[in-house]
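Single-structure report; data block below.
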Amino acid sequence: MRILKDRSLGLIIDIQEKLFPHIFDSNELMKNTQILIEGLKVLGIPLILSEQYTKGLGYTVESIKLAVGESSYIEKRAFSCCDDPSFDLQLSLLNKHYVIIAGIETHVCVLQTVVDLINLGYQPVVIEDCVSSRKLSDKAVAISRMRQEGAIISTYESILFELARSSDSEYFKAISKLVK
674 MRILKDRSLG LIIDIQEKLF PHIFDSNELM KNTQILIEGL KVLGIPLILS
724 EQYTKGLGYT VESIKLAVGE SSYIEKRAFS CCDDPSFDLQ LSLLNKHYVI
774 IAGIETHVCV LQTVVDLINL GYQPVVIEDC VSSRKLSDKA VAISRMRQEG
824 AIISTYESIL FELARSSDSE YFKAISKLVK
């Protein structure tokens, strides 16, 4: 199945100040996620950003917040974004099928959101090099489970070129520049 730009939205889950420093390979995650966000913006794909219990975990890390810019932010207490009424409202208003996902932690909030999205009839696209957990083993198990549940697993470079579709695309040069 081809992932289509016009039927996609991006979801950045809980990349927050107090948790982020403890995440496995956080510097690489940050770099990759910023490229993904910039690419999705070039392609005109809407973004939703979630924050888990900001009183305890702080706000989205500054560099991600700057990359996202003007987008929909939701604060949640449930692990799954889908358990938050404001997220459900945003999802239905955007009326997209593919949900391109980056964030932390892979084995908790990302996993639960992915499972719920599948149950609601959406197609999650988990960007493997833009998700992580504190322990690499937790991430690996979660990726395996999400794949079994029916999620598509991709990388930021692969998804950006898939969404651009062709080297003739108006987006190709900008995407190529981002991934170099």
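Residue numbers for the sequence shown follow my numbering, beginning at 674 and rising by one.
Backbone N, C-alpha and C fix where the C-beta goes; we use that ideal spot for every residue, glycine too.
Can you tell me whether DSSP reads residue i as helix, strand or coil?
i           : result
residue 734 : coil
residue 717 : coil
residue 847 : helix
residue 744 : coil
residue 712 : helix
residue 800 : strand
With a cut-off of 8 Å on the beta carbons, I'd call residue i and residue j a contact; round off their distance for me.
i           : j           : result
residue 773 : residue 798 : 5 Å
residue 844 : residue 716 : 6 Å
residue 693 : residue 808 : Not quite, the Cβ-Cβ distance comes to about 15 Å (not below 8 Å), so this is no contact.
residue 777 : residue 806 : 7 Å
Does the beta-carbon of residue i have 16 or more other beta-carbons within 10 angstroms, so that it is buried, or is it exposed?
i           : result
residue 793 : exposed
residue 775 : buried
residue 780 : buried
residue 749 : buried
residue 674 : exposed
Which partner residues of residue i appear in the DSSP bridge assignment?
i           : result
residue 829 : According to DSSP, residue 829 bridges with nothing at all.
residue 725 : 749
Between residue i and the ligand NAD, is the CB less than 7 Å from at least one heavy atom?
i           : result
residue 852 : Ligands in the displayed structure: none, and consequently the ligand NAD is not present.
Is the number of C-beta pairs between the segment 744-753 and the segment 832-852 that are closer than 8 Å three or more? no
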